[in-house]
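The sequence shown begins at 1 in UniProt numbering and counts up one residue at a time.
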Amino acid sequence: MAVRREQRGALRCAPSRGLTPPCLTGALRAQIIGGHEAKPHSHPYMAFLKIGLVSCGGFLVAPDWVMTAAHCLLGPPLPQLTAKATLNKYVRTVALPRTSSDLPTGTSCTIAGWGLIDEEHSTNKLFETKVSIYSRRKCILLYPHLDNGMVCAGSFHQLKDSSQGDSGGPLVCNNVAQGVVSFGYNSPPGVYARITNYLPWIRKVMKK
């Protein structure tokens with residue numbers, strides 16, 4: 001996807017509840033900055049959500065459960081499918097973390113999503129890029145309201161990040177979904193909701 005060299009400016013975010021931390025103003029994130037088209041079926045857990053005029057990413061965490069960002073649904077970010085997905089080599093779930101341990105700074109992760117290839121043109125192809133976990137100290141300098149339920153990730157040396165419309169997609173580190181695309185400025189790093197902070201709630205909902 002085309003690299004957009006934008007100046008750091010207005011915060012892109014969406015006020016909401018649940019897995020997406022609250023923010024002041026902004027828009028949904030929908031473009032992979034500095035990414036490239038993903039190989040077919042390389043992210044078999046990815047889901048595309050279309051709710052009215054809003055498009056978001058999501059990811060399959062169980063045959064009948066999809067996780068996304070709360071502001072994509074304006075409600076609980078863990079919708080249950082009306083029927084279980086048939087799992088095969090093209091459709092798979094992604095693992096969730098088992099513990100609440102911190103992600104070490106520099107951990108390599110992958111993000112993926114659908115969205116604009118530039119400011120005016122959309123695509124139906126999935127794009128991806130690699131990002132790294134930022135230290136909490138550096139992240140708090142950019143996002144003073146950051147709390148323990150959030151983590152920053154992006155490229156240290158290149159303009160690589162999620163962006164407007166990728167909201168709800170997973171931050172996957174070592175084949176485990178560690179975060180949910182939430183909000184950020186027009187350049188890296190972006191902020192992701194930490195899934196580990198919501199594991200008790202997730203397990204409770206999925207047991208119903």
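Think of the CB as a built atom: it goes at the ideal place given N, C-alpha and C, for glycine as much as any other residue.
Item to check | Whole-Å CB distance - residue 133 paired with residue 103, under 8 Å assumed | outcome: 5 Å
Next on the checklist: Given this structure, state the Cα-to-Cα distance separating residue 91 from residue 146, to the nearest angstrom.
Outcome noted: 34 Å
Item to check | Assigned secondary structure, residue 208 (DSSP; H/G/I helix, E/B strand, else coil) | outcome: coil
Item to check | Neighbourhood of residue 110 by C-beta distance below 7 Å, restricted to the same chain and skipping five residues each side | outcome: 128, 130 and 172
Item to check | Local conformation of residue 114 per DSSP, three classes | outcome: coil
Checklist entry - For the candidate residues 126, 125, 124 and 151, whose alpha-carbon lies nearest to that of residue 137? => result 151
Checklist entry - Going straight from the alpha carbon of residue 79 to that of residue 204, what length do you get? => result 13 Å
Item to check | For residue 171: DSSP bridge partner residues | outcome: 179
Item to check | Euclidean distance between Cα positions of residue 69 and residue 168 | outcome: 4 Å
Checklist entry - Would you call the CB atoms of residue 178 and residue 195 closer than 8 Å? => result yes
Item to check | Under 8 Å between C-beta atoms of residue 66 and residue 74 | outcome: no
Checklist entry - Nearest-angstrom Cα distance between residue 100 and residue 144? => result 22 Å
Checklist entry - Hey, residue 48 and residue 114 are a contact pair by Cβ (cut 8 Å); roughly how many whole angstroms apart? => result 6 Å
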